[in-house]
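Structure, as structure tokens:
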Amino acid sequence: KGDPSVLVRTASLRALQALKAGDMSALMQVALADSEPVVRRAALALLPTLPISAAAKSAHLSSIMRDGGQVEQQGAIEVLGGMKTVESRKLLSSYLDDLAAGTLAPELQIDLLDAVQTDGAPALQRKLDAYQRARQADSMIKAFRDAAITGGDARRGQQVLSEHPLAECTRCHAVRGRGSDVGPDLTRIGAALTREQLLEALIEPNARIAPGFGTVGITLRNGDRIDGTLRSETDSEVVVLVGTPAEPRRIAKSEIAERTDPVSAMPPLGLLLKPREVRDLIEFLSALR
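Take the position in the sequence shown, starting the count at 1, then add 1036; the result is the number in our numbering.
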């Protein structure tokens, strides 16, 4: 607990868990009192290893869900999903009831859906399916939006940005000088966009295209076709970046026979990332100011 490094404390906790060293119950209590949320959440992973009954474990997690902070509550739901006991499933079922009643906090909803999938119990899945069928499509979208803009983990979000093999964010974007200038610089994106706007940019990139970064196709009056990134536009001309490496090409509007509306080259990340990863990425991006 006294080590100043959060990563060292968390790694030490997991190592002691793997080695089954010392009094796990006392170790968990010490870690749950840590000042860092990430350490407190890691401490909850010790609970399934304790020599106490499944009922006692579920009772402890229930008390955390009642009195704990957001990070501990998210961790408790995750642990419940992996326990797969009668007691843990009763709790998950009750939280699905809260979800259906609209009383489950938005920042816990994605965690609950993940826990139900991890558990895999048919009864829980049927209950979740019934909830989703009862909601209209637009209500489900709103519920996802509400759940995705709060409760994320900025550290994991940074990992999504820099390391996710499908999203590949830094191939097009830069943060604090690292990355590419193909897309907008994200260094201060949290000051420019709200969390709702960040979510929209991630899952519907064509809804709002940053000026100077839309891809266009231009057909000239002489029949030539030019495809590139619309970097700027005036009343008399457009400037398009073409080729690799990209070079600006000025085109007089009087030469243009036809042009497409700008579209984003970025894929909808809602199709590539899990809801939890979207939530974490928004948490990280919103802190960039």
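Every residue, glycine too, gets a C-beta built ideally from N, C-alpha and C.
When the options are compared against residue i, the one with the closest alpha-carbon
| i | options | result |
| --- | --- | --- |
| Ile1318 | Asp1165, Leu1229 and Glu1108 | Leu1229 |
| His1200 | Leu1305, Gln1106, Gly1219 and Thr1085 | Leu1305 |
| Asp1349 | Pro1247, Met1064 and Ala1282 | Summary: the structure shown does not reach residue 1349, with the chain confined to residues 1037 through 1325, and so no result is reported for it. |
| Ser1041 | Pro1073, Met1064, Leu1063 and Ala1062 | Pro1073 |
| Ala1062 | Gly1105, Gln1161, Leu1083 and Gly1188 | Leu1083 |
| Met1302 | Ser1272, Arg1261, Glu1236 and Asp1271 | Glu1236 |
| Glu1204 | Ala1183, Val1044, Leu1238 and Gly1187 | Leu1238 |
| Arg1125 | Pro1142, Asp1103, Ser1290 and Ser1098 | Ser1098 |
Extent of the continuous beta strand (DSSP E) run through residue i
| i | result |
| --- | --- |
| Val1274 | Glu1273 to Val1278 |
| Glu1294 | Ile1292 to Arg1295 |
| Val1252 | Gly1250 to Leu1256 |
| Arg1267 | Arg1261 to Glu1269 |
| Pro1201 | First-last for Pro1201: undefined, no H or E at that position. |
| Ala1288 | Glu1283 to Ala1288 |
Exposed unless 16 or more other CB atoms sit within 10 angstroms - verdict on residue i
| i | result |
| --- | --- |
| Gln1172 | exposed |
| Ala1079 | buried |
| Gln1110 | buried |
| Gly1138 | exposed |
| Leu1324 | buried |
| Val1075 | buried |
| Gln1145 | buried |
| Leu1202 | exposed |
| Thr1046 | buried |
| Leu1307 | exposed |
First and last residue of the uninterrupted alpha helix (DSSP H) at residue i
| i | result |
| --- | --- |
| Leu1229 | No alpha helix (DSSP H) holds Leu1229; DSSP gives it neither H nor E. |
| Pro1303 | First-last for Pro1303: undefined, no H or E at that position. |
| Val1218 | Segment: none, Val1218 is in no alpha helix (DSSP H) and carries neither H nor E. |
| Pro1087 | Here Pro1087 belongs to no alpha helix (DSSP H), and DSSP marks it neither H nor E. |
| Asp1316 | Pro1311 to Ser1322 |
| Pro1241 | Counting along the chain, Pro1241 falls outside any alpha helix (DSSP H), and DSSP gives it neither H nor E. |
| Leu1080 | Pro1073 to Leu1080 |
Distance, residue j Cα to residue i Cα
| i | j | result |
| --- | --- | --- |
| Thr1255 | Asp1263 | 9 Å |
| Tyr1033 | Asp1147 | This structure does not reach residue 1033, given that the chain is present from 1037 up to 1325, and the question cannot be answered. |
| Glu1108 | Arg1244 | 36 Å |
| Val1276 | Ala1293 | 16 Å |
| Thr1280 | Cys1208 | 14 Å |
| Ile1100 | Leu1135 | 18 Å |
| Lys1120 | Asp1155 | 6 Å |
| Lys1310 | Arg1295 | 35 Å |
| Glu1283 | Arg1267 | 11 Å |
| Ala1227 | Phe1320 | 12 Å |
| Arg1312 | Thr1265 | 32 Å |
Check: residue i C-beta below 7 Å from any heavy atom of the ligand FAD
| i | result |
| --- | --- |
| Thr1046 | With respect to the ligand FAD, the structure shown offers nothing to examine, as it has no ligands at all. |
Problem set entry | Length at least 4, wholly inside the stretch 1104-1137: the alpha helix (DSSP H) runs in chain order | With a minimum length of 4 residues, the continuous alpha helix (DSSP H) runs that stay inside the stretch 1104-1137 are 1106-1119 and 1122-1137.
Problem set entry | alpha helix (DSSP H) segments (min. 4 residues) lying fully within the stretch 1142-1178 | Counting only runs of 4 or more residues that sit fully inside the stretch 1142-1178, the alpha helix (DSSP H) segments are 1142-1155 and 1158-1170, in chain order.
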